[in-house]
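Here is the structure we will look at, set down as structure tokens.
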Amino acid sequence: HAHFSDLGKFFFGFIVFWAYLGGAQYFFIWYANIPEETIWFLDRWKNSWKTVSLILIFGHFLLPFVSLIFFNTKRNRKIIVFFAFWMFLFHYVDMYWLIAPALHHESAQLSWLDLTTFIGIGGIFIALFWNRFTAKAIIPINDPYLSASINLHE
């Protein structure tokens with residue numbers, strides 16, 4: 003369970019870091035009063051893009067943050083795996099939110115090309131990952147500290 007706790011802390015840190023970067027970017031543009039940069043945010047705060055923006059705030063930050071702030075949830079394998087898939091899905095929504103408003107000004111529209119691009123790039127990633135994953139041993143067999151690492155925090 004200690005390894006999952008450490009992974010949960012790592013995961014939690016990246017969730018906070020993502021929110022910090024997004025919030026800081028918005029804050030600096032707003033505070034500096036740079037009109038040519040605010041257009042980018044205004045396009046994402048109109049029509050159905052506003053809904054996508056709010057869903058991102060809730061799904062990519064608030065829900066995982068509130069859930070993973072507790073010690074017991076960081077030690078639960080099922081919760082960590084669930085939020086890993088959850089964040090993978092919301093990372094796609096985030097990338098879509100960054101790119102698609104330039105193509106679809108009026109509203110958020112999901113086309114078959116968006117889904118096939120996701121499946122294609124995801125398939126290439128999984129194939130390359132699996133190729134590298136199966137090429138070598140996962141555990142460093144000759145490491146003199148292997149047993150200490152496996153029995154971490156015991």
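Quick note, in our numbering, the sequence shown goes up one by one and the last residue is 156.
Cβ atoms here follow ideal geometry from the backbone N, Cα and C, with glycine treated the same way.
Keep in mind that this is a model prediction, so the values were computed, not measured.
Are the region 105-112 and the region 16-32 in contact at 8 Å, needing three or more beta carbon pairs?
Contact fails: fewer than three Cβ-Cβ distances are below 8 Å.
Suppose you measure from the CA of S50 to the CA of V83; what does that come to, to the nearest Å?
For the purposes of this step, residue 50 is taken as residue 48 along the sequence shown, with counting starting at 1. For the purposes of this step, residue 83 is taken as residue 81 along the sequence shown, with counting starting at 1. Rounded to the nearest angstrom, the two C-alpha atoms are 30 Å apart.
In angstroms with no decimal places, state the Cα-to-Cα distance between G15 and T75.
As a first step, residue 15 must be located in the sequence shown, where it is residue number 13. As a first step, residue 75 must be located in the sequence shown, where it is residue number 73. Near 14 Å, if we compare the C-alpha coordinates of T75 and G15.
Under three-state DSSP, which class holds Y147?
If you number the sequence shown from 1, residue 147 lands on position 145. In the three-state scheme derived from DSSP, where H, G and I count as helix and E and B as strand, Y147 is classed as coil.
Neighbourhood of F85 by C-beta distance below 8 Å, restricted to the same chain and skipping five residues each side:
Here the question's residue 85 lines up with position 83 in the sequence shown. Same-chain partners within the cutoff: F13, P66, S69, L70.
If we ignore side chains and look at the alpha-carbon of each, how far apart do W95 and P146 end up?
Here residue 95 corresponds to residue number 93 of the sequence shown, with the count starting at 1. Here residue 146 corresponds to residue number 144 of the sequence shown, with the count starting at 1. A small correction: the amino acid at residue 95 is Val; Trp does not occupy that position in the sequence shown. Looking at the two C-alpha atoms, the distance is approximately 43 Å.
Around the Cβ of F131, are there at least 16 other Cβ atoms within 10 angstroms (buried) or fewer (exposed)?
Residue numbering aside, residue 131 sits at position 129 when the sequence shown is read from its first letter. Taking a 10 Å sphere around the C-beta of F131, we find fewer than 16 other C-beta atoms and assign the residue as exposed.
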